[in-house]
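Engineer: Sending over a structure as C-alpha cells; questions will come in a sec.
Protein chains in written order, with our numbering: chain A, 407 to 733; chain B, -5 to 235.
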C-alpha cells in the first residue's frame, strides 16, 4: 500500500458472489489460543473461478475483512486506501495480471485478523470484501466484467467462547485400562476431547472437583491429573491411549473429560467419575487358564511362510517360463 | 429320484442346445472372491477344562473373506491349476473379570489370516463341449494360518500365568469340493464382450464346502496349537481370464 501514489481510488465493486468466487482455503474459525503461544493460523483465500478482468491498464485487487457489511465504495486517501471501518487489510493483497488473469491467493494470520479483539469475550464474524482499484489520475480506465451477485462472500469466525464441559456417562473397568463414555453438551460446538485421570485422594494438585458449581458448568481441571487421551473426537474410548502413563489395576481413579472447539477453546472439566482398572481375562488368558496347550508365538511361522514363499516363487517362475516359450 | 431323472435329462438337453458354444480366447488362470461362515473349533482341544471360545465369543462364527489366484497348467480334459490364496476374518467378544468371572465391558478378539497353496481341478468339459453351465471342481492344498488374539486395549494378548503371547501360525491341509454355475450361459453376448474387452473368459457363481484343518491334520506334527479347523461353506464369484 505504501507504494501507491494514487490521487483517487475508486472501489468499483464491493464483494462478489458466494463461495463460487471466493473460497476460504483453510481454517474458517479461530480463537484466542491462535493469537497467543500457538503458531498463528493462516487463513488464506483464493478464487475458485477466474475473474474475468479485461483492462487497458494494470488493475490492483485487494481483499478486506470487515465486521460490517461490505461498503459499496471506499473513500480514497492521498497515498493510501482508507480502510472501511472495522476492516483489516490483508497482509498480502493479490495483484491481477496485466490485462487478464486471476487474482493470486491472499492470506493473513489469526493474530492479524483478531488484533485488539483477540481476547474479546464476544464472537465475531468477518465478511470478505473484494475490491478493485484503478488510477483515475492516469486515466487508465478499462472495463471490468465479472460474474457475481451480492456480499458477503464468505465468513471467518472468531470464536472466543469455550464449549460447555462434557458429561461422563460411564466409566468401566479394563485391564490397566478404563473405558470412558461421555457426551458433549447438546448444541455445543465441541469437536474433540481430552481425558484426564488422577488417583482418588491425590491432593498434590488443585482441589479436584471443589470448584464444581453444580450448575453443569463443570469443574476446574486439576493440575495433578495425567492426560491419558488427548485430542480425539470419539465419545467412547479406552484409556490410556497414549504413552502418558499406565493405570494400575486395583487403584481407583478420578476421571475427567475436557472439550475443545474448532478454535481450540478448552472447556472446564466434566464432573469426575471414579473408575478402577482390574485384571481382565481376555480370550487368550481364558484359553490358558483352561489348560490350552498352545504356547503362542510364531514357532512355525518362519518355516511356514518360507515354504509358501518358495511355492509362490515356483509358480511365478513356471508361469514366466511358459510365457517366454510362447511365440 | 426316478421322477427327477427325466426332468434332469430334459433340462440338460435344453441347456445344451439353447446356446451355441462360442470361441474363447486362451485361458491363463482364474481369480476367486469368496466368503464363508467359519467356526474355529478351539474348544475341541483335548485337555481343555472349559470352553474359552464359547465363553468369550458366544459361539459366534467368523465371516471369512478369501481371495484366490490360480494359474492353469493343464487344459485338456478339464483344467488343472495351481494357486495361492489369502483370507481374513475376525470375531470379537468380551473378556471376564479375573476376580469373579463376570462378563467385562472390555473387548477381546481373534483374528485369522489363512494363507494357502492349492492344486485345483475344474471339470469344465460339460460347459466346453455341451454348453452345460455347471462346473464341478475340487481343491487340495497346504494351509498356513496366522492368528492373533487381541486384548481390551487392542494389543496382542499376553497370558498372566506363563507370559506367552496370543499369536501364532498353524499348519494344516485343506480339501474343497464345489460346484460353479457358469454365468456366460445367461447372456452369451455380454460374456463375449467381457472376453474381448477385459480378457475375462468365463464368470461363475460357486459354492464349495471347505475342510480347512490346521492342526487336526498338521503335516509337521505339532499338536499343541490352537485348533482352528473347521468344515464350512464358501460362496463366491470366480473369473477365468
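Virtual Cβ for every residue (Gly too), placed ideally from N, Cα, C.
For residue 39/B versus residue 221/B, is the C-beta spacing smaller than 8 Å?
Structural biologist: For residue 39/B and residue 221/B, yes; Cβs fall inside 8 Å.
Engineer: Kindly confirm or deny that the stretch 565 to 583 of chain A and the stretch 674 to 690 of chain A touch, where touching means at least three C-beta pairs closer than 8 Å.
Structural biologist: By the criterion of at least three beta-carbon pairs nearer than 8 Å, the stretch 565 to 583 of chain A is in contact with the stretch 674 to 690 of chain A.
Engineer: For residue 146/B and residue 598/A, what's the separation of their Cα atoms in angstroms?
Structural biologist: Using only the alpha carbons, I get a separation of about 23 Å.
Engineer: Along the stretch 149 to 171 of chain B, where does the CB come closer than 8 Å to a CB of chain A? Name the residues.
Structural biologist: 151, 152, 153, 154, 155, 156, 158, 159, 160, 161, 162, 163, 164, 165
Engineer: State the DSSP-derived secondary structure class of residue 130/B, mapped to helix, strand or coil.
Structural biologist: strand
Engineer: Could you compute how far the alpha carbon of residue 152/B sits from the alpha carbon of residue 102/B?
Structural biologist: 12 Å
Engineer: For residue 639/A and residue 669/A, what's the separation of their Cα atoms in angstroms?
Structural biologist: Per the coordinates, the alpha-carbon of residue 639/A lies some 15 Å from the alpha-carbon of residue 669/A.
Engineer: Out of curiosity, what's the CA-to-CA distance linking residue 167/B and residue 692/A?
Structural biologist: About 28 Å.
Engineer: Could you pull out every residue in the same chain whose Cβ sits closer than 6 Å to the Cβ of residue 185/B, ignoring the five residues on either side in sequence?
Structural biologist: 178
Engineer: Listed from N- to C-terminal order along the chain, which residues in the stretch 674 to 701 of chain A have their beta-carbon within a distance smaller than 8 Å of any beta-carbon of chain B?
Structural biologist: Of all residues in the stretch 674 to 701 of chain A, only 684, 685, 686, 687, 688, 689, 690, 691, 692, 693, 694, 695, 696, 697, 698, 699, 700, 701 place a beta-carbon less than 8 Å from a beta-carbon of chain B.
Engineer: Run through chain B and tell me which residues come within less than 8 Å of residue 579/A, C-beta to C-beta.
Structural biologist: 91, 98, 99, 100
Engineer: Determine the DSSP secondary structure at residue 235/B, reduced to helix, strand or coil.
Structural biologist: In this structure, residue 235/B counts as coil in the three-state DSSP scheme.
Engineer: What number of angstroms, rounded off, separates the C-alpha of residue 204/B from the C-alpha of residue 665/A?
Structural biologist: 51 Å
Engineer: Between which two residues does the alpha helix (DSSP H) holding residue 36/B run?
Structural biologist: Counting along the chain, residue 36/B falls outside any alpha helix (DSSP H), and DSSP gives it neither H nor E.
Engineer: Taking Cβ to Cβ, would you say residue 89/B is nearer than 8 Å to residue 115/B?
Structural biologist: Not closer than 8 Å, so no.
Engineer: At what residues does the alpha helix (DSSP H) containing residue 185/B begin and finish?
Structural biologist: 182 to 192
Engineer: Would you be able to state if there are at least three C-beta pairs under 8 Å between the stretch 70 to 85 of chain B and the stretch 94 to 112 of chain B?
Structural biologist: yes
Engineer: Between residue 585/A and chain B, is there a C-beta pair that is closer than 8 Å?
Structural biologist: yes
Engineer: Tell whether a beta-carbon distance below 8 Å holds between residue 663/A and residue 606/A.
Structural biologist: no
Engineer: Residues in the same chain with beta-carbon distance under 6 Å from residue 11/B, minus the five sequence neighbours each way, listed in chain order, please.
Structural biologist: Caution applies to residue 11/B, whose pLDDT of 44 falls short of 50 and renders its modelled position unreliable; the model cannot decide the point.
Engineer: Comparing the C-beta of residue 644/A with each C-beta of chain B, is any distance below 8 Å?
Structural biologist: Yes, because at least one Cβ of chain B sits closer than 8 Å to the Cβ of residue 644/A.
Engineer: What's the gap between the Cα of residue 53/B and the Cα of residue 227/B?
Structural biologist: 17 Å
Engineer: Measure the CB-CB distance between residue 657/A and residue 625/A and report whether it falls below 8 Å.
Structural biologist: no
Engineer: Nearest by alpha-carbon distance to residue 207/B: which of 199/B, 183/B, 170/B, 196/B is it?
Structural biologist: 170/B
Engineer: How far does the alpha helix (DSSP H) with residue 49/B in it reach, from first residue to last?
Structural biologist: It spans 46 to 51 - the alpha helix (DSSP H) in which residue 49/B sits, taken as one unbroken run.
Engineer: Starting from the Cα of residue 143/B, find the closest Cα among 174/B, 136/B, 128/B, 163/B and give me that residue.
Structural biologist: 163/B
Engineer: Is residue 104/B buried or exposed, if buried means 16 or more other CB atoms sit within 10 Å of its CB?
Structural biologist: buried
Engineer: Where does residue 689/A fall in DSSP's three states?
Structural biologist: helix
Engineer: What ranges does the beta strand (DSSP E) occupy inside the stretch 62 to 114 of chain B, keeping only unbroken runs of at least 3 residues that lie completely in it?
Structural biologist: 73 to 91, 97 to 106
Engineer: With a threshold of 7 Å (Cβ to nearest heavy atom), would residue 194/B be considered close to the ligand FAD?
Structural biologist: Annotation note on the ligand FAD: not contained in the displayed structure, which lists no ligands.
Engineer: Which bits of chain A does residue 182/B rub up against, with CB to CB less than 7 Å?
Structural biologist: Those within 7 Å of residue 182/B in chain A number zero; the least Cβ separation is about 28 Å.
Engineer: Show which residues of chain A have a CB atom less than 9 Å away from the CB atom of residue 234/B.
Structural biologist: The contacting residues do not exist; residue 234/B stays about 15 Å from chain A at best.
Engineer: Taking any Cβ of chain A, which residues in the stretch 218 to 231 of chain B have a Cβ under 7 Å from it, in chain order?
Structural biologist: 218, 219, 220
Engineer: Rounded to whole angstroms, how far is the Cβ of residue 702/A from the Cβ of residue 158/B, which I believe are closer than 8 Å?
Structural biologist: Going by Cβ atoms, the distance from residue 702/A to residue 158/B rounds to 4 Å, so yes, they are a contact pair.
Engineer: Can the beta-carbon of residue 604/A be found closer than 8 Å to that of residue 596/A?
Structural biologist: no
Engineer: Which residues in the same chain have their Cβ closer than 8 Å to the Cβ of residue 759/A, if we skip the five residues on either side of it in sequence?
Structural biologist: Absent from the structure is residue 759/A, since the part of chain A shown begins at 407 and ends at 733.
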